[in-house]
Structure formats: C-alpha cells, structure tokens
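Following our numbering, the numbering of the sequence shown begins with 15 at its first residue and continues without gaps.
Notes for the one structure printed next.
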Amino acid sequence: MKKVLTTIAVCLSLTALSAQSDADITYLINGRFYTQMPASLQPECIAARDKIVDADGNVFCELVLKPGCKLTADELSQAVPAARVPNGEKVLQQRNRQTRAGERPAPVPKTVAPDTTLAVLHAGDRLEAFSVTDTEGTNWNETNTIGKPLVLSFWAIDCAPCLAQMPELNRWLTVCPDVNYLAVTRNTAAQIDGAVKKRNFLFRQVPDNRTLFEMFGIKQLPATVLVDKRGFIRMIVSGTDAQKRAELLKELKELEEK
C-alpha cells in the first residue's frame, strides 16, 4: 500500500512553505485544517512546526501548540472539514495513529542542507539585511528602521482588496504616527502613480520590488508585516478583512507604546 506521507521536514515559515501559492498549503492545528494561518496565533504559542508532503505533493504544515494556547471560537468555526482537503482524512488518520503511538515527525538533522524554497522569514525572526528605495528617493534598510515599529504593506494595482483597504490604512498614520510605513509592490513607479494619487495612499511607496516579496515569501495579496522597534517580526498576515485589520492595528498600537 502506497504511503500517504512521503516527506516530513521542519516548517521554517508560518506563512509560506514552498514556491506554491498559499492556496496549495494547508495548516493542520489540533486536528483541524486551515487554508491560512489563524490571525490570533502568536509565535510564542508554537511548540513545534512540521512540514508534511503527501504522495500527491500536497503540502501540510502541522503546528503543535503549547499548553494553554488555543484558537478563538471564530477560528475554530472556520476550520475546513477533512473531507474537503485533498488526502486530508488519510493524513489526519495517520497523524492520529502516530500521536497515539507517541510519535511525531522528526526534525531535519542539522547536517542536512536547508531547502532554499523554505528559506523565508516568519513571526519571531529578526529582520534580515535589505535595502530598498521609495519613490521619494529615501533608502530604507534593516538598520535605519530600528527604533520605530515598521509596517510593510504588500499590494498590487490589480488587487481590488489592496485598493479597497487603503483609506483605512491611511487612518493608521493618525492613530500610530510614530511608525515607519512602507507600501511594497512589484509594479513600477509609473504604474502605481495614478492609483496612489487617486486614493491619496499615504504610505511611502517602494515600487518594482522583489527583495521583500522573496524575503517574506509573499504569495497572496494584500499581505501585511509588522516589525517591532528592535527589528523582530511580530505579525505576518495574508489577505485582509475587518477582523484582520483590527488585530493588526491593535498589535501596532502596542508596538508603538513599548
């Protein structure tokens, strides 16, 4: 009988595990499946992260939570039934058998070369070296952003949710003025000029960018990254809705006050 699980390794990212799109990566948390990382889940609650690739190439990231850490009732209700996840029931059955036997996926030995497709940052990491220039000619890097929280808003001109959230993101500058705000896009400065002016988007614009997209493994837009005053990544959120934006702003207020 063909084994369901063919590859098991350490998940190095909470938001992007491979070159696949976010829709191709499923999170397994306490026996429940999620298509995106639950927004309330903080890095200090994660006891272990394991990557599972089944025989058909489906990617699962199993997150083991520390005692006392739990998802919100809202997030529990958003779980995807195993029957709707490709090979979900088989993966869950096998992991349940391993759990009962006291087993869990072993971490990759340190002597094994890292999988470069997983080499992206996640919450809890320190910001890596980078250097980008905004449309006003100001250079931003991992050094001159220290001392203030940093917000990175990843967007594109053909992303309707990105454009729709701009007025609310502008309000963040009033609520949290002592913060560095960068809007990062792969579009060129000429391409974004009209959209930025029409919506009076107040974030500093970093156009024609690949560095930061690759650093965070951004696949889904919009995406938002919060970095604290010391340069440590606190939140990485894919997609947008009222709840996600509220949680991001709440965290940003706390980062500005600390």
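Glycine residues also receive a C-beta, built at the ideal position from the N, C-alpha and C atoms.
Everything numeric in this text was worked out from a predicted model, so none of it was measured.
(message) In the DSSP output, what is M249 paired with across the bridge?
(response) If you number the sequence shown from 1, residue 249 lands on position 235. DSSP, once it has assigned bridges, lists L240 as partnering M249.
(message) From the DSSP secondary-structure annotation, give me the bridge partner or partners of F47.
(response) Translated into positions along the sequence shown, residue 47 becomes position 33. L42 and V94.
(request) Tell me whether R244 is buried or exposed, calling it buried when 16 or more other Cβ atoms sit within 10 Å of its Cβ. (result) Here the question's residue 244 lines up with position 230 in the sequence shown. That one is exposed.
(message) What does DSSP give as the partner residue(s) for V78 in the beta ladder?
(response) By 1-based counting over the sequence shown, the position of residue 78 is 64. DSSP lists A62 as partners of V78.
(message) My output table needs one value for V99: the three-state DSSP class, helix, strand or coil.
(response) Taking the first residue of the sequence shown as position 1, residue 99 is located at position 85. Reduced to three states, the DSSP call for V99 is coil.
(message) What does the alpha-carbon distance come out to for the pair L262 and G102?
(response) In the sequence shown, residue 262 corresponds to position 248, counting from 1. In the sequence shown, residue 102 corresponds to position 88, counting from 1. So the alpha carbons of these two residues sit roughly 31 Å apart.
(request) Under 7 Å Cβ to Cβ from D192, same chain only, skipping five residues before and after it: list those, please. (result) In the sequence shown, residue 192 corresponds to position 178, counting from 1. Cβ neighbours of D192 beyond the five flanking positions: K162 and E270.
(request) Give the secondary structure of T199 by DSSP, where H, G and I count as helix, E and B as strand, and everything else as coil. (result) One-based indexing of the sequence shown puts residue 199 at position 185. Three-state result, T199: strand.
(request) Compute the Euclidean distance between the alpha carbons of L187 and L196, then round it to the nearest angstrom. (result) Taking the sequence shown and counting its residues from 1, the one referred to as residue 187 is at position 173. Taking the sequence shown and counting its residues from 1, the one referred to as residue 196 is at position 182. Rounded to the nearest angstrom, the two C-alpha atoms are 11 Å apart.
(message) If you follow the alpha helix (DSSP H) that N155 is in, where does it begin and where does it stop?
(response) Sequence index remark: in the sequence shown, residue 155 carries index 141 (1-based). Run containing N155: none in the alpha helix (DSSP H); it sits in the beta strand (DSSP E), N153 to N155.
(request) On the DSSP bridge assignment, give the partners of Q108 in chain order. (result) Start at 1 with the first residue of the sequence shown, and residue 108 comes out as number 94. In DSSP, Q108 forms no bridge with anything.
(request) Look up N223 in the DSSP assignment and say whether it is helix, strand or coil. (result) Counting from 1 along the sequence shown, the entry for residue 223 is found at position 209. Of the three classes helix, strand and coil, the one that applies to N223 here is coil, per DSSP.
(request) Measure the C-alpha to C-alpha separation of N201 and Q92 and round it to an integer number of angstroms. (result) One-based indexing of the sequence shown puts residue 201 at position 187. One-based indexing of the sequence shown puts residue 92 at position 78. Using only the alpha carbons, I get a separation of about 33 Å.
(request) Could you have a look at T149 and say whether DSSP puts it in helix, strand or coil? (result) For the purposes of this step, residue 149 is taken as residue 135 along the sequence shown, with counting starting at 1. Residue state, collapsed to three classes: coil.
(request) Output yes or no for whether 8 Å exceeds the beta carbon distance between S145 and E89. (result) As a position in the sequence shown, residue 145 is number 131, starting the count at 1. As a position in the sequence shown, residue 89 is number 75, starting the count at 1. Cβ distance not < 8 Å, so S145 and E89 don't count as in contact.
(request) Use the C-beta contact count for N153: other C-beta atoms within 10 angstroms, 16 or more gives buried, fewer gives exposed. (result) Here residue 153 refers to the residue found at position 139 when the sequence shown is read from its first residue. Burial call: exposed.
(request) Just mark D64 as buried or exposed, buried being the case when its beta carbon has 16 or more other beta carbons within 10 Å. (result) Residue 64 sits at position 50 when you count from the first residue of the sequence shown. Buried: at least 16 other Cβ atoms inside 10 Å.
(message) Here's the rule: buried if 16 or more other CB atoms are within 10 angstroms of the residue's CB, otherwise exposed. What is K17?
(response) Locating residue 17 in the sequence shown gives position 3, where the first residue counts as 1. For K17, the pLDDT reaches just 44, beneath the cut-off of 50, and the residue's location in the model is therefore unreliable, although a value from the coordinates is still provided. Flag for K17 reads exposed.
(message) Can you give me the C-alpha to C-alpha distance between D222 and T199, rounded to a whole angstrom?
(response) Your numbering for residue 222 matches position 208 in the sequence shown. Your numbering for residue 199 matches position 185 in the sequence shown. Taking the straight line joining both Cα atoms gives about 6 Å.
(request) Out of N184, V134, E58 and Q112, state which residue places its alpha-carbon closest to the alpha-carbon of E228. (result) Taking the sequence shown and counting its residues from 1, the one referred to as residue 228 is at position 214. E228 has its Cα closest to that of V134, out of N184, V134, E58 and Q112.
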